[in-house]
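Okay, so the sequence shown: first residue is 95 according to the numbering used here, each after it adds one.
The beta carbon of each residue, even a glycine, is placed where N, CA and C say it ideally should be.
Computed from a predicted model, the values in this text were never measured in an experiment.
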Amino acid sequence: MAFSLCSSFGFSHVQPHHTIALDTISIDDSLTGDQTIISKGETFELGFFKSSKSQNHYYIGIWYRKISVQTIVWVANRDEPILDPSSSKLTLLDGNLVLLHNSSNIPIWSTHIASNSLTTPEVVLGDDGNLVLKDGSNPSVTIWQTFDYPTDTWLPGGKLRFNKKTNQSQKLNSWRNLEDPAMGFYNLVSDSGRSGNIQFLIYWNNSKLSWDSGEWDEKSNTFLLAPELKLDFNVIYSYVSNVNESYFTYSLYNNAIMSRFVIDISGQIKQFVWSEGTKKWNLHWVQPEQSCDVYGTCGPFGNCNLDRQKCECLPGFVPRSSEDWSQQDSTGGCVRSTSLQCSEDSFSAIPTSNFPDNPRLQQVHSAEECKSACEDTCSCNAYAFDSRCRLWDGDIINFKTIASSRSQPEIFHLKRAATEVRKTKAEVWKIVVPVFILLATVMGVLGYIYLSKRNKTNKRGRLIGLKGVLTSFLKYNLNTNMFDDSETKGDTHELQIFNFACLSNATNNFSLKNKLGGRRLQNEQEIAVKRLSKSSGRGIEEFKNEVLLISKLQHRNLVKLLGCCTEGEENMLIYEYMPKKSLDAFLFDPRKKAQLDWEKRFNIIGGVARGLLYLHRDSRLRIIHRDLKVSNILLDENMTPKISDFGMARIFGGDQIIANTNRVVGTFGYMSPEYIMGGTFSEKSDVFSFGVLILEIVSSKRNHSFDNPEQPFNNLLLHTWRLWNEGKWSEVVDEALGNLYCPLEVIKCIHIGLLCVQNRAVDRPNMAEVDLMLVSETDRPAPKEPPYTCPTSSYKPGSNNNITFTAVEGRKDPRSSFLWN
Numbered sequence: 095m096a097f098s099l100c101s102s103f104g105f106s107h108v109q110p111h112h113t114i115a116l117d118t119i120s121i122d123d124s125l126t127g128d129q130t131i132i133s134k135g136e137t138f139e140l141g142f143f144k145s146s147k148s149q150n151h152y153y154i155g156i157w158y159r160k161i162s163v164q165t166i167v168w169v170a171n172r173d174e175p176i177l178d179p180s181s182s183k184l185t186l187l188d189g190n191l192v193l194l195h196n197s198s199n200i201p202i203w204s205t206h207i208a209s210n211s212l213t214t215p216e217v218v219l220g221d222d223g224n225l226v227l228k229d230g231s232n233p234s235v236t237i238w239q240t241f242d243y244p245t246d247t248w249l250p251g252g253k254l255r256f257n258k259k260t261n262q263s264q265k266l267n268s269w270r271n272l273e274d275p276a277m278g279f280y281n282l283v284s285d286s287g288r289s290g291n292i293q294f295l296i297y298w299n300n301s302k303l304s305w306d307s308g309e310w311d312e313k314s315n316t317f318l319l320a321p322e323l324k325l326d327f328n329v330i331y332s333y334v335s336n337v338n339e340s341y342f343t344y345s346l347y348n349n350a351i352m353s354r355f356v357i358d359i360s361g362q363i364k365q366f367v368w369s370e371g372t373k374k375w376n377l378h379w380v381q382p383e384q385s386c387d388v389y390g391t392c393g394p395f396g397n398c399n400l401d402r403q404k405c406e407c408l409p410g411f412v413p414r415s416s417e418d419w420s421q422q423d424s425t426g427g428c429v430r431s432t433s434l435q436c437s438e439d440s441f442s443a444i445p446t447s448n449f450p451d452n453p454r455l456q457q458v459h460s461a462e463e464c465k466s467a468c469e470d471t472c473s474c475n476a477y478a479f480d481s482r483c484r485l486w487d488g489d490i491i492n493f494k495t496i497a498s499s500r501s502q503p504e505i506f507h508l509k510r511a512a513t514e515v516r517k518t519k520a521e522v523w524k525i526v527v528p529v530f531i532l533l534a535t536v537m538g539v540l541g542y543i544y545l546s547k548r549n550k551t552n553k554r555g556r557l558i559g560l561k562g563v564l565t566s567f568l569k570y571n572l573n574t575n576m577f578d579d580s581e582t583k584g585d586t587h588e589l590q591i592f593n594f595a596c597l598s599n600a601t602n603n604f605s606l607k608n609k610l611g612g613r614r615l616q617n618e619q620e621i622a623v624k625r626l627s628k629s630s631g632r633g634i635e636e637f638k639n640e641v642l643l644i645s646k647l648q649h650r651n652l653v654k655l656l657g658c659c660t661e662g663e664e665n666m667l668i669y670e671y672m673p674k675k676s677l678d679a680f681l682f683d684p685r686k687k688a689q690l691d692w693e694k695r696f697n698i699i700g701g702v703a704r705g706l707l708y709l710h711r712d713s714r715l716r717i718i719h720r721d722l723k724v725s726n727i728l729l730d731e732n733m734t735p736k737i738s739d740f741g742m743a744r745i746f747g748g749d750q751i752i753a754n755t756n757r758v759v760g761t762f763g764y765m766s767p768e769y770i771m772g773g774t775f776s777e778k779s780d781v782f783s784f785g786v787l788i789l790e791i792v793s794s795k796r797n798h799s800f801d802n803p804e805q806p807f808n809n810l811l812l813h814t815w816r817l818w819n820e821g822k823w824s825e826v827v828d829e830a831l832g833n834l835y836c837p838l839e840v841i842k843c844i845h846i847g848l849l850c851v852q853n854r855a856v857d858r859p860n861m862a863e864v865d866l867m868l869v870s871e872t873d874r875p876a877p878k879e880p881p882y883t884c885p886t887s888s889y890k891p892g893s894n895n896n897i898t899f900t901a902v903e904g905r906k907d908p909r910s911s912f913l914w915n
């Protein structure tokens, strides 16, 4: 699911602190100013911290001690910051842990334990991040602990529980924004379902259900609606139920790994794993996966753009707080830029993927009557009519702009100030009128030339000429859609069908000069156009296969298909534009590969791994790519990798783990031995290709063209394996990196790459295990020798399979196509 980034609550500034004791606050101790306590293993630290760079707001909190990016896991006074930690203190008073103003001794925060019978109270910070209040005379009894009162973070060993006696659920509550730990809009709670099993729920504003995990299934040891959690092999989940409570907890196989769950300010539950090599928190798992699936994420009168997965304001509105939006907190929503005048207002029609929540139904019989009902009520902000009349009074919540691929949107009529609408229309007409005049002139000239030519050869030239113009125009603009059949029509209803003339104009009639450059549509959207060769025969099926597969997939490490064009003999795919082109353009170019420092290479490896894991396990389809290679990894402006080219991909059924084909297709150096020899492919075939890709990224050498004079029958895989066994792993690394790389990460990548390219499929790890090895320091078995031979153009396997090999520079079969950007 996920790419490498810093947590929403990690602060790059680390304040100096002074330790007053190892891990304990006793009856005569107190914390003030920069004083802290540290757990015995120096894993966590407790003290005052400043969350905002612009405001002097201080809080008592717990953070990781050994991590360079200060990451807060618990906050005491999250809704009551103090302005000066030197004038406040955290101390024990009447059996409670209390935060006091020194001058007035007014409690700012307290544990609120009713009993003050503790004789020797003390507070101890554990290496699990749990701060425990206990009686020194009976230390085995816990009086109070932070694990029972979490903020936004769920640490290993912590409980998310449902109290059966009080019917109360324990909550994780999001921060207000990136720099404000105050109570946010989203809560993650554990709840007892109808069957008595625990489930996780995310609520917006403590009221509206935004996401649920489904109930816990003890047989499969996972949540019914979040089975991907089971794929994390370093995490052990446990569910416990007794007469007092039911709760869910987890632990780690390897305690050296730092992992945490957070309810983010975006309303998503996220699992992070710390990477010591990159000094970043890697996002390992997230739900809901798309931010627009989170209820209320854009606030009142906000609009979540489904194409961009980003919050915007509805027309005529501006952010309520620009500062909050800059801190990625859009839950405050938007306000009108021009006030309504009630009797003089107008409406703007907006396409939407779904109507907002909480409409008021009005009993009318037509759209005009529905419009009048909204006009007659000053508090009415919008209406919609689709056999029923819906009116929206007050705030409009959970609005989503129609995705570009949707063909039949709902129409939502938003009330706006008439003066604003008139101004907008005037600005539009300033553009429309000149364009209309220009188009009319061009059409007139072309029509005159066409009719003149026809009149020279036909007595009825003017009539026939006009008919010919109309016929040509209709033929040119109406699509002959290869997907309009009973088998595939329903699978592509969300795809945008592009006009050939529009694409021809955007690419300057598909000029070869534009083959590598960025092109824009008239709406300024940058696109990449992949045009199928007209002479292709079997390429048509691969084209349909690519469209049907990738249109169902959404992941940050997969290239996004915007739509297609299927007019006459023209068949094209329209992708999001990747400004950095493909990975091989950098990796194998002596002039450009220096731009790929080790951090970028490591992030690319991790991104491709997560994209492949999504294809194999997490998407609604189980997909085997079958042509994973460096040239099929595209890079966006941030060098984020995206897997592309699904022409040879295949879907697996729910229980299917292996398949065979009589037509083996692939690329030199990337195909697994079992696929070449017998046409057998599975997840492990893609794993083999991924292993080759890792070793090529580390070395900047191609596997299929690797040349070593000392080993005439050799390839990059065998060369790497021999150096690995001789302890000379550093000789594999691209010389362009010099010594500017993390040795532990390089060793890890080479090791994983060799595990992936082992000769027998059963010996290779699956992508879930690969992903875990990349983000953690788990035990890795010794790799076995990779296959000796790499197929060449003269290679003839001992089978009757129809074999098609393709060169890494590009396909050489009839399916060959250009990619215009």
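TODO: Would you kindly work out how many angstroms separate the C-alpha atoms of Q164 and H798, rounded to a whole number?
DONE: 45 Å
Task: The beta strand (DSSP E) enclosing E670, as first and last residue numbers - done: 664–670
TODO: Have a look at S442, D780, R482, K878 and flag the residue whose alpha-carbon is nearest the alpha-carbon of A461.
DONE: R482
TODO: Spatial neighbours of F493 within its chain, please: CB distance less than 8 Å, with the 5 preceding and 5 following residues excluded, ordered by chain position.
DONE: C392, F395, G396, N397, C398, L408, T446, P450, F506
Open item on the list: Am I right that A688 and A830 are in contact with their C-beta atoms under 8 Å? What's the rounded C-beta distance?
Closed with: The Cβ separation is near 5 Å, so the contact holds.
- [ ] Pull up the DSSP beta-bridge partners for L194, would you.
- [x] K183, P201
Open item on the list: Per DSSP, what are the beta-bridge partners of Y297 in this structure?
Closed with: Answer is N281, L303, bridged to Y297.
Task: Run of the beta strand (DSSP E) containing F256, from where it starts to where it stops - done: 254–257
Task: Inter-residue Cα distance where the pair is L455 and P201 - done: Those two C-alpha atoms are separated by around 50 Å.
- [ ] Using beta-carbon positions only, say whether R255 and S284 come within less than 8 Å of one another.
- [x] yes
Open item on the list: Can you list, in chain order, the residues of its chain with a C-beta nearer than 6 Å to that of D828? Leave out the 5 residues immediately preceding and following it.
Closed with: So the list reads S793, S794, once near-sequence residues are dropped.
Open item on the list: Does C436 pass the burial test, meaning 16 or more other C-beta atoms within 10 Å, or should it be called exposed?
Closed with: exposed
Open item on the list: For the pair the segment 669–685 and the segment 726–733, tell me if three or more CB-CB distances fall below 8 Å.
Closed with: yes
- [ ] Classify S725 as helix, strand or coil using the three-state DSSP reduction.
- [x] helix
TODO: Quick one: give me the first and last residue of the alpha helix (DSSP H) that C468 is part of.
DONE: Where C468 is concerned, the enclosing alpha helix (DSSP H) stretches over 461–469.
Task: CA-to-CA distance, T118 to V217, given in whole angstroms - done: 5 Å
- [ ] Could you check the C-alpha separation between I156 and E790 for me, to the nearest Å?
- [x] 42 Å
Task: Own chain partners of D487 with C-beta closer than 8 Å, once the 5 adjacent residues on each side are dropped - done: R454, T471, S473, C474, N475
TODO: Provide the residue(s) that pair with F355 in DSSP beta bridges, ordered along the chain.
DONE: Beta-bridge pairing links F355 to W248, Q365.
Task: C-alpha distance - D122 paired with C405, whole-angstrom precision - done: 51 Å
Open item on the list: Do I296 and W305 count as a contact pair if the criterion is CB distance below 8 Å?
Closed with: yes
Open item on the list: Would N150 pass as an interface residue toward chain C - the criterion being a Cβ-Cβ separation below 8 Å?
Closed with: Looking for chain C here will not work: only one protein chain is present.
TODO: Please report the Cβ distance between C850 and F782, rounded to the nearest whole angstrom; I am assuming they are in contact, meaning their Cβ atoms lie under 8 Å.
DONE: 6 Å
Task: Nearest candidate by alpha-carbon position, reference Y158, set Q149, A170, L140 - done: L140
Open item on the list: Quick check on V167: does DSSP put it in helix, strand or coil?
Closed with: strand
Open item on the list: My assumption, with CB atoms under 8 Å, is that Y341 sits in contact with I330. Please give the rounded CB distance.
Closed with: In this structure, Y341 and I330 do not form a Cβ contact; the two beta carbons are roughly 15 Å apart against a cut-off of 8 Å.
Open item on the list: Does the beta-carbon of R172, which I'm using as the reference point, lie nearer than 7 Å to any heavy atom of the ligand PLP?
Closed with: In terms of ligand content, the structure shown is empty, and the ligand PLP therefore cannot be addressed.
- [ ] Could you pull out every unbroken beta strand (DSSP E) segment of at least 3 residues lying fully inside the segment 675–721, listed in chain order?
- [x] 716–718
Open item on the list: Whole angstroms are fine: how far does the CA of Y708 sit from the CA of A96?
Closed with: Because the pLDDT of A96 is 35, which lies under 50, any placement of that residue in the model is unreliable, and the question is left without a value.
TODO: Look at the alpha carbon of N824 and the alpha carbon of R796, and state the distance between them as a whole number of angstroms.
DONE: Reading the sequence as shown, one finds Ser at residue 824 and not Asn. Near 17 Å, if we compare the C-alpha coordinates of R796 and S824.
- [ ] Could you tell me how far apart the beta carbons of D358 and S268 are, in whole angstroms, since I believe they sit closer than 8 Å?
- [x] 6 Å
Task: F740: first and last residue of the uninterrupted beta strand (DSSP E) it sits in - done: Note, F740: premise wrong, no beta strand (DSSP E); not H, not E.
TODO: Express the C-alpha separation of D387 and D865 in angstroms, rounding to a whole number.
DONE: 25 Å
Open item on the list: Contact between the segment 232–248 and the segment 141–152 is defined here as three or more beta-carbon pairs at a separation below 8 Å; is this criterion met?
Closed with: no
Open item on the list: Can you find the residues in the same chain that come closer than 7 Å, C-beta to C-beta, to V412, ignoring five residues on each side of it along the sequence?
Closed with: Close CB contacts of V412 within its chain, under the 7 Å cut and outside five residues either way in sequence, are with C428, V429, S431 (chain order).
Task: Helix, strand or coil at T513 according to DSSP, with G and I counted as helix - done: helix
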